[in-house]
Every structure is written in C-alpha cells, then in structure tokens.
Amino acid sequence: MSEYNFNQIEKKWQRYWEENQTFRAEAGSTKPKYYSLDMFPYPSGAGLHVGHPLGYIASDIVSRYKRSKGFNVLHPMGFDAFGLPAEQYAIQTGQHPAITTEQNITRYLEQLKNLGFSFEWEREVRTSDPAYYKWTQWIFMQLFQSYYNYSAEAAEPIDQLVRAFEQSGNQKVNAACDEDTPAFTSDEWLAMTEQQKAEMLLKYRLTYVAEAVVNWCPALGTVLANDEVKDGVSERGGYPVERKRMRQWMMRITAYAERLLQGLDKIDWPEPVKEMQRNWIGKSIGAEMEFAVENSDQKIKVFTTRIDTIYGVTFLVLAPEHELVNQITTTEQAFAVETYVAVAKNRSERERMADVKTISGAFTGAFAINPFNGEKIPVYIADYVLAGYGTGAVMAVPSGDQRDWNFATHFNLPIIQILDAQQDTTQQADATKEGRYVNSDIINGLTYQEAMPVLINFLEDKGVGKAKINYRMRDAVFSRQRYWGEPVPVYFKDGIPHLIQESELPLELPKIDAYLPTETGEPPLGRAIDWKYQDEHAYELSTMPGWAGSSWYWYRYMDPKNDKAFVDQEVVNYWRSVDLYIGGSEHATGHLLYSRFWNKFLFDMALVPEDEPFKKLINQGMIQGRSNFVYRLKDSNTFVSFGLKEQYETTALHVDVNIVENDVLDLDAFKNWRAEYASAEFILENGKYICGVEIEKMSKSKYNVVNPDDLVERLGADTLRMYEMFLGPLEQFKPWNTNGMDGVNKFLRRFWKLFFDKDGNLALSDAEPTPAELKSLHKTIKKVEEDIERFSFNTSVSTFMICVNELVQLKCNKRAILEPLTIILAPYAPHITEELWEKLGHSESISNAPFPTWNAAYLVENTFEYPVSINGKMRAKINFATDAPRDKMEKAVLADEQVQKFLEGKAPKKIIIVPNKIINVVV
Numbered sequence: 001m002s003e004y005n006f007n008q009i010e011k012k013w014q015r016y017w018e019e020n021q022t023f024r025a026e027a028g029s030t031k032p033k034y035y036s037l038d039m040f041p042y043p044s045g046a047g048l049h050v051g052h053p054l055g056y057i058a059s060d061i062v063s064r065y066k067r068s069k070g071f072n073v074l075h076p077m078g079f080d081a082f083g084l085p086a087e088q089y090a091i092q093t094g095q096h097p098a099i100t101t102e103q104n105i106t107r108y109l110e111q112l113k114n115l116g117f118s119f120e121w122e123r124e125v126r127t128s129d130p131a132y133y134k135w136t137q138w139i140f141m142q143l144f145q146s147y148y149n150y151s152a153e154a155a156e157p158i159d160q161l162v163r164a165f166e167q168s169g170n171q172k173v174n175a176a177c178d179e180d181t182p183a184f185t186s187d188e189w190l191a192m193t194e195q196q197k198a199e200m201l202l203k204y205r206l207t208y209v210a211e212a213v214v215n216w217c218p219a220l221g222t223v224l225a226n227d228e229v230k231d232g233v234s235e236r237g238g239y240p241v242e243r244k245r246m247r248q249w250m251m252r253i254t255a256y257a258e259r260l261l262q263g264l265d266k267i268d269w270p271e272p273v274k275e276m277q278r279n280w281i282g283k284s285i286g287a288e289m290e291f292a293v294e295n296s297d298q299k300i301k302v303f304t305t306r307i308d309t310i311y312g313v314t315f316l317v318l319a320p321e322h323e324l325v326n327q328i329t330t331t332e333q334a335f336a337v338e339t340y341v342a343v344a345k346n347r348s349e350r351e352r353m354a355d356v357k358t359i360s361g362a363f364t365g366a367f368a369i370n371p372f373n374g375e376k377i378p379v380y381i382a383d384y385v386l387a388g389y390g391t392g393a394v395m396a397v398p399s400g401d402q403r404d405w406n407f408a409t410h411f412n413l414p415i416i417q418i419l420d421a422q423q424d425t426t427q428q429a430d431a432t433k434e435g436r437y438v439n440s441d442i443i444n445g446l447t448y449q450e451a452m453p454v455l456i457n458f459l460e461d462k463g464v465g466k467a468k469i470n471y472r473m474r475d476a477v478f479s480r481q482r483y484w485g486e487p488v489p490v491y492f493k494d495g496i497p498h499l500i501q502e503s504e505l506p507l508e509l510p511k512i513d514a515y516l517p518t519e520t521g522e523p524p525l526g527r528a529i530d531w532k533y534q535d536e537h538a539y540e541l542s543t544m545p546g547w548a549g550s551s552w553y554w555y556r557y558m559d560p561k562n563d564k565a566f567v568d569q570e571v572v573n574y575w576r577s578v579d580l581y582i583g584g585s586e587h588a589t590g591h592l593l594y595s596r597f598w599n600k601f602l603f604d605m606a607l608v609p610e611d612e613p614f615k616k617l618i619n620q621g622m623i624q625g626r627s628n629f630v631y632r633l634k635d636s637n638t639f640v641s642f643g644l645k646e647q648y649e650t651t652a653l654h655v656d657v658n659i660v661e662n663d664v665l666d667l668d669a670f671k672n673w674r675a676e677y678a679s680a681e682f683i684l685e686n687g688k689y690i691c692g693v694e695i696e697k698m699s700k701s702k703y704n705v706v707n708p709d710d711l712v713e714r715l716g717a718d719t720l721r722m723y724e725m726f727l728g729p730l731e732q733f734k735p736w737n738t739n740g741m742d743g744v745n746k747f748l749r750r751f752w753k754l755f756f757d758k759d760g761n762l763a764l765s766d767a768e769p770t771p772a773e774l775k776s777l778h779k780t781i782k783k784v785e786e787d788i789e790r791f792s793f794n795t796s797v798s799t800f801m802i803c804v805n806e807l808v809q810l811k812c813n814k815r816a817i818l819e820p821l822t823i824i825l826a827p828y829a830p831h832i833t834e835e836l837w838e839k840l841g842h843s844e845s846i847s848n849a850p851f852p853t854w855n856a857a858y859l860v861e862n863t864f865e866y867p868v869s870i871n872g873k874m875r876a877k878i879n880f881a882t883d884a885p886r887d888k889m890e891k892a893v894l895a896d897e898q899v900q901k902f903l904e905g906k907a908p909k910k911i912i913i914v915p916n917k918i919i920n921v922v923v
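Here the UniProt record's numbering is used: the first residue of the sequence shown is 1, the next is one more, and so on.
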C-alpha cells in the first residue's frame, strides 16, 4: 500500500538531487542559457522565517520550468557573509566573527535544502571567504588604477591620463575629478614631485581617499550608509548617529551618473525602483555661481536650477557641516552656531529631507555679496540644507520656495517679489516661465527662456560662475571602521596610498585580541601586531563596506573555482548577464545602484560583455506576520479572553503564535512559555481562551515569527512552497496564516490518490483519454505556462486545484493525462512529483522531462450544458454536443429521469430548443 509520506519522500529526493548534481549547469552548452538569481542572504543567527523563502520559491519555479523548456539554467545561491551583526556579537562575546558566520550559514543551508530548491550548491560563494574576496580586492585595485574619461564615456587606465598630463597638462582633459582640482600645464606636471603627482592623481582615480561628511555611530564604532540610519539612530541596534567629517575611501560613482540614469531605460525593472534611482541620481540642469563673503577671502559656491530668481535672493543657507561655517562665523555668533551644529549633526540626511515642518537655524554673523546687484545678504546655517547635495549651500528665494519662505518668516527676513506685481507670488515658479522680469537692468522685459543664457553669460564674463549639470548623488563612502570586512589592499607611504602587488592577494584579515577600536581611536585592525606591508608601511586600517562583495557576486557564480581570474572570459561571454533577479525593493538605492556602477566599470575594462547586470528585476512583497494577543487584567496575572476584554481594564500583550491555533490559546503551553506566566489564570469564553489578532511585520519582538522547519516537518516542503505562492501575487504584501496550509496539503493528497486504487496500489490506465479529460489537462498546461511566463504564480496554484477536482469527478486514472500533469506541477511541488514520476516507471529525474505542449484543438468547446425548463421553470441540466441532431436531443430530454419526474407521465405538447442556449418543454 502506497501512502503520501512526505517526510520520507522529500528527504529521499533532496539526497538524490545532491548526489546526482541534478541541477548542474554547463557553460558553453548548445542549449539556450537562462540565469535565475536571488539576492543572496546575510546569514543571521535567527535563521529563516516563512517570509524569507518567498522569492526563492518563485525563482525556483521559474528555474525548474525553464529547465523543462530546454534551457541550460544557472540557479546558484551563496551568502553575503560580512556584516555588523556578527561583529557586534564578537565584541560582546570575544568570539571570532568567522565562527558565528559559519554556524549561521550551516543553519541556513539546512533550512534552504529542506525546501527543495534547485540551487546548484557546488557553486556556492561566501563573501567572507578569502578565495572570494581576493577578487573583490582585485576589482578595487582596477578601480584605483582607472579614471573616467567623459569624452570617451568610459573608464580608462590611469596610465593614459598620466601620458595626457605629460603632453599637455590637464587643460584638455575632460575627466571626472574633484571639484578643487587646479589647472596645470605639462611643464608644471613634470616639475611636480612624485608625492605631488600621486596626490594629483587621487583627484582623478575612481577610488580615492578624501575627507567626507559621514554618518558616524560611536556605539558601533563605524561609519554607516544612509540606508543604515533611521530617525537619527542606527537601524542595527538603535544607537545614536552623528554627522562627522572623516577621512574615508570613496568610490567615484558620480562619474557614471548619466550612464546610470540612461541605463534605466533599457532594463525590465519595476517602475518604482527605477524612479527611486532616478531621484537618487537627481539630475538637475542649472548654473553654479560664487557669492563673495564680506570682509573675507572666502567664497560660497551655490548651485541653482533657477538662476533667473537671483534678484529674489534675500539670504544664503549653509549646511551645518559646511567647511566654511567655522571660518565665516563671527565671534558674537559662535556660541549659537556651535550649539545648533551640535544638535543638527545627530540628524540623518533622510530625517532632515523628510522634515518639512521644523524651522530651525542660526545666523553666522557673516554677509555675502550678490554678484548681480552687489547687495549684502545674511548667511545662515540650517539642517534643511544637506552637505551631501550640490555644494552644501543654497541661495534662498522665499517668494518662490516654501521652505525658504517659512525660514524667512520665522527669522523676519525680507521677501522680495521679483515679477510684475500683478502676478501671484505663490505661483512664481510656474509664472516665471510665462512672465517678464521687471526689476533688473540685465533681464528687464525678458522671458524665462530668454533670461537664462543672458544670466549665465554674465556669470562667465565676471568669472563667478558657469552653466552646469548637477547630480544629487554623491560619491559613495567605501570604508568602515570595523574588523569584519574585506581588507583594503593598500599601504601608505608618506601619507600616500599605494596598492600591494596582485600576486600578494588576497590580503587576509589579521588576528586581533579584541574587535573594538584601539585605545587611541584607530579601527580594530589597528590592534593587529606587526601587520605592516614589507614590515615598514602601514596598511589601511578600515575595511570595505558591506556592499563591496555583493556588487559583483553574480559573476563569481559563473566560475566559482577559478583562481586565475574573477571569471573566465569564455564563461562570462556565455552566461553574459542575469536574466531574472528577485529580491527586495529596499535595495533600490544601495546594492542595486552600486552593482550597476561596478558592472559598468567592468564593462569599460572589457572584462564583461554587457553593461547592465540584471535584465529583469522582480521585488517580492513582504509576508506579514499574524500576531496574536492576550489581555492581562491590570495588576494581576489573570488573562481575559478576547470577547470579554471590554468588560475589564486590560493590557494587550503579544503572545507566541506557535502556541495558538485558530486563535485559540494552548493554556498549558502558555504557562510553560515564560516563567512569569506559570501561575496564570484565565477568564474563558465558551471554555476557550480566544486571542486577539493583528497583521504586523514578522519579527521576534512581536512573537509572530513562524519557523518554516516546523511547517515542513508537519505538512511538508511541497505544501509550504505551494501555499506561499497561493497567498497572492508575488509582488504584493500579504498576511501569513498557517491555518490556510491545510487546504494545499489536502490538494496534494487528492493529487496523489489519482494514481492509486482504494487499496493503495498504483492503478493507471493506458486507455485513450476522453474529450473532457483532455480539455481539463490542456487548459491547465496552457494556463500554467502563461502564468509562469508572466510570473503570476498564485493563479497557477488555483488552476492545479481546479484540474485535480475535475479529474477526481471524472474518475480519471489515465496515464496520458496524469503523466503530463505531473510534469507541469513539478516546478511547484518537486518532491511529490519526483516520487510519482519514479512510480510511473521513469529512471531519470522529472527535471529532465520536457514541458508538455498544449493543443488548442482540445480547448474548443464541443459540448454545451443546456438548462432544461418545464413550463418555464428550470428543472434539469443536460450536456449535448454542439452539433447534436435535434431529434436525438428531444429523445434524450424525454428519457432524462429528472425531466420524467416533472412530466408526471404527461406527453409534452412541444419541445422548444434554442441552440446553445436553452431547452423548454411545454406540457
């Protein structure tokens, strides 16, 4: 007797796939290639909850489907293994982060393999493995040895830049460089010392050292990216974060701003993600100009897209971190400015951008001179201006900008209307385009379009400005003051960074006695004993950020064991780029932007064949937790059931969802859950304790995390896989409800029973299928194929259920029907289908079986179910072929038991048949 024992079946086939390398892909295959990739996880100590596998299941369905459609499928998995959590644990316990990371990866591997994914585990990569980060360091070295040539619209070797300097200086060079890069001739270049040349080249290199305003978290001892800071505290741990100027390694991503912007038009990504990147890049066309500071040699540089509003400027605002703040602040205003800066530095850029209501700032005591009319205007600082955007200074036009207007009103500053008085000042930004200026000798009577070139010519003639395209995006900080990250392959000689030799890669992390900064404030690597290059030169003590290893990892999967190159050229020319990438939208302006940047650089170096890494991107939605609550009486250990809580004064408390079933609390389990509840008492309703319910983010603090291991043990991996798809469209957020899994499990059991007789013996018929059976199968093949191609997995699950129900009603046990049905179900439920495939007599895995082709001929409607009425009242339904002869239909109607019952032996006067609509018997 054969039973659906999913525990045995699933372990059996997971072993088979691993032992036989069933999902192995071969570069250079004659089959068409398909590269299906998931954003690889950071292996946290908490392991996976049921929300994590959602995207993995979807990519696995596509991978298995594409394999059965004849593709050579690459479907790898690995681990983004450097990160703060492991290091924080190391700081607390003294345990090396590598040990924690290894333990967490082991746990993840077990969980992922339990779900039956078709990952090719032989290609697994870990970013913390020296054999892997050797090539992260190597790519860093290529970036260091390159600059960006705007004329060629590509990165080029730094040696070419040096040759240009030797021939004609930098005056003919059109390259990405620091704003303060001076002009020099070839003679001046040749006269420079080696140290001076090295310093000048740092102003052009694609990775370089510079002073930058960063998010410094003292408690974590490291710099954080903007997306790691929320509401002024670190996302990890909730520690205070301050804005601070520090020496950092930087990546000149701004050089690629225009290409990153234009590239969005040729990739199939969700529009919200593309829009987030466009906004982050933030292209603006305008002018850059200088305001001289009164009684000072300093000049304040401002970028504006609306230079036509220059006559409405009544004050300037600097970011609190602006380098000129200390230099121009007067003695009288020093205390107010220092006090304000101390507060502002603890607010993140994201928080400052989002806060449109708070009005705060401080007067520096300094005045700037408007270059167009010579008027003195006060200079303030305010945190609504960001050091990281534009020049870190804005010219305030309160009559045309709401924040400037709020600020001017708050500090009683003048508001100048720059247009004809008849025009509405509240709509100036739009009106400017149509109105004519009336209060300037330079542009009096001109329209917006006419005024712009005139104003820019004025700036250029006076030598105080120029036309400019600006980007909001800043160069990316590329260093962290922590231990657990890739060492930067650099040493310092006379303060200048130099690369180590490629033959010396990887530069591995040294052993240290603790994972904290040194007593003198150096990063943890400063604790390493005798860790110097050639025993005399200091290595870089910061490590690379978390995004370094994830910015190129998809290429390493193509060729993971190669110790001669990051990827073999023939191999990468075969796989080219990722066809399907699935992961969270939270990475839109972090990983996804940095990955595109590195990919374009590798393309410029002719190391990869395509300049965009991911052709299609899908952001899976979040599976939300279904939280349960108990209600404790005030000042007691008594808990009131949900339906009775309004009668008492209670406090709602989260309760572990794993001791609740159908919202009914397991009272004994609750008492054993936590010691404080051991003596709990309950006020029940109808003999049960009913819990409250709320949909929230799944997290440990809300006790609503559901462990997939428990569900796999209880109902099977195939049930979990299909249920996660059944919850709703992949991209949408949806609540988790474990109770709903029973329906999917029953479906799989019904499917299993189609193959066996009542005694549990395999009982398949080789008879020809009926038209109804063929129709049920082929409409299912068609629908499932269309669904997978458009990534609509939830509707496929419904289709499978309908098909199985139809086949059960038809008592179908035909091999010609059940065998192809098994193949199309395999991507969703691979274990049960592998077992049945074997029982059907096949010696190879069902993964090698070609996907069935649907036949349109079987989908033609060749029958019609007629409602049969007797004297106008519907009494029966009868199926007839659409071309059935009228006389045969009449005989069949009169012979029908239900019709005879209502005729009561009477002969009908007439039978009216409306083809493919209705039959009416008149008595």
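Note that beta-carbon positions come from the ideal geometry of N, C-alpha and C, so glycine has one too.
Keeping to the same chain, check which residues put their C-beta closer than 6 Å to that of A816; ignore five residues upstream and five downstream.
In chain order, P769 place their CB closer than 6 Å to the CB of A816, counting only its own chain and leaving out the 5 sequence neighbours on each side.
Just the C-alpha distance for T853 and T101, rounded to the nearest angstrom, thanks.
When only Cα atoms are considered, T853 and T101 end up about 46 Å apart.
Taking the continuous beta strand (DSSP E) assigned at N470, which residues delimit it?
Segment G465 to Y471, the beta strand (DSSP E) holding N470.
Look up T101 in the DSSP assignment and say whether it is helix, strand or coil.
In this structure, T101 counts as helix in the three-state DSSP scheme.
Given a cut-off of 7 Å on the beta-carbon distance, is the pair L446 and I307 in contact?
The criterion of a C-beta distance shorter than 7 Å is not satisfied by L446 and I307.
For the alpha helix (DSSP H) that M722 lies in, which residues bound it at each end?
M722 -> alpha helix (DSSP H) spans A717 to F726.
Apart from the five residues just before and just after E610, which ones in its own chain have a Cβ nearer than 6 Å to its Cβ?
Sequence-distant Cβ neighbours of E610 in its own chain, meaning closer than 6 Å and more than five residues away, are R576 and S577.
Note down, in chain order, each residue of its chain lying with its Cβ closer than 7 Å to the Cβ of T425, except the 5 sequence neighbours on either side.
Its pLDDT being 39, under 50, T425 is placed unreliably by the model, and the measurement read from it follows with that caveat. Here the set comprises S399 and Q417.
Straight-line CA distance for Y533 to P489?
Roughly 10 Å between the two C-alpha positions.
Alpha-carbon spacing of A342 relative to K203, whole angstroms:
The alpha-carbon atoms of A342 and K203 are separated by roughly 31 Å.
Got a sec? Which residues, its chain only, sit under 7 Å from L507 by beta carbon, not counting five neighbours each side?
Residues Q137, P487, P489 and I500 of the same chain have their beta carbon placed closer than 7 Å to that of L507, with the five preceding and five following residues left out of the count.
Considering only C-alpha positions, which residue in the set V744, N737, N704 and K702 is nearest to R721?
The shortest C-alpha separation from R721 is found at V744.
K11, DSSP secondary structure in three states
K11 falls in the helix class under three-state DSSP.
Which of helix, strand or coil DSSP assigns to A387:
Note: A387 maps to coil in three-state DSSP.
What residues in its chain sit with their C-beta under 8 Å from that of W13, if we drop five residues either side in the sequence?
Only G116, P830, H831, E834 and E835 meet the Cβ criterion.
Between which two residues does the alpha helix (DSSP H) containing T93 stretch?
Per DSSP, T93 belongs to the alpha helix (DSSP H) from L84 to T93.
Taking buried to mean at least 16 other C-beta atoms within 10 Å of its own C-beta, is P32 buried or exposed?
The residue in question, P32, is exposed, as its Cβ has fewer than 16 Cβ neighbours within 10 Å.
Use the C-beta contact count for I99: other C-beta atoms within 10 angstroms, 16 or more gives buried, fewer gives exposed.
With fewer than 16 other Cβ atoms within 10 Å, it is exposed.
Just tell me which of Y35, S843, G687 and A152 has its CA closest to the CA of E120.
The option with the nearest alpha carbon to E120 is Y35.
Tell whether a beta-carbon distance below 7 Å holds between R205 and P827.
For the 7 Å CB-CB criterion, R205 and P827 do not form a contact.
Cβ pair S765, N805 closer than 7 Å:
Going by C-beta atoms, S765 is not nearer than 7 Å to N805.
Exposed or buried, which one is L190 when buried takes at least 16 other CB atoms within 10 Å?
Exposed: under 16 other Cβ atoms inside 10 Å.
Mapping the DSSP letters down to three states, classify D420 as helix, strand or coil.
Confidence at D420 is low in this model, with a pLDDT of 41, below 50, so its placement is unreliable and no value can be given for it.
Under the three-state DSSP convention, the category C217 falls into:
DSSP places C217 in strand when its eight states are reduced to three.
Short of 8 Å in beta carbon distance, which residues of its chain neighbour N637, apart from the five on each side in sequence? Order them along the chain.
E676, Y677, S679, A680 and E681.
Where the alpha helix (DSSP H) containing E785 begins and where it ends:
First-last of the alpha helix (DSSP H) with E785: P771 to E789.
Through-space distance from L602 to L143, alpha-carbon basis
Cα to Cα, L143 sits roughly 9 Å from L602.
Along the chain, where does the alpha helix (DSSP H) containing D187 start, and where does it finish?
From DSSP, the alpha helix (DSSP H) with D187 extends over S186 to A191.
In this structure, does DSSP put P272 in helix, strand or coil?
P272: helix per DSSP, three-state reduction.
Spatial distance of T432 from H498 (CA atoms)
With a pLDDT of 39 at T432, under the threshold of 50, the modelled position of this residue cannot be trusted; read the value that follows with caution. Roughly 53 Å separates the two Cα atoms.
Measure the C-alpha to C-alpha separation of A176 and N149 and round it to an integer number of angstroms.
Taken atom to atom, the span from the alpha-carbon of A176 to that of N149 is near 7 Å.
Specify, as a first and last residue, the run of the beta strand (DSSP E) that residue 926 falls within.
What is shown of the chain runs 1 to 923, which leaves residue 926 out entirely.
Cutoff 7 Å; reference R596; Cβ partners in own chain excluding five residues on either side
If we look at R596 and ignore the five residues flanking it on each side, its Cβ neighbours are L260, G263, E612 and P613.
Do three or more CB pairs link the stretch 743–763 to the stretch 641–659 at distances below 8 Å?
Contact between the stretch 743–763 and the stretch 641–659 is absent, because fewer than three Cβ pairs lie under 8 Å.
When the Cα atoms are used, what is the spatial distance from S2 to R750?
So the two alpha carbons sit approximately 14 Å from each other.
Hey, how far is the Cα of V325 from the Cα of I377?
Approximately 16 Å between the Cα atoms of the pair.
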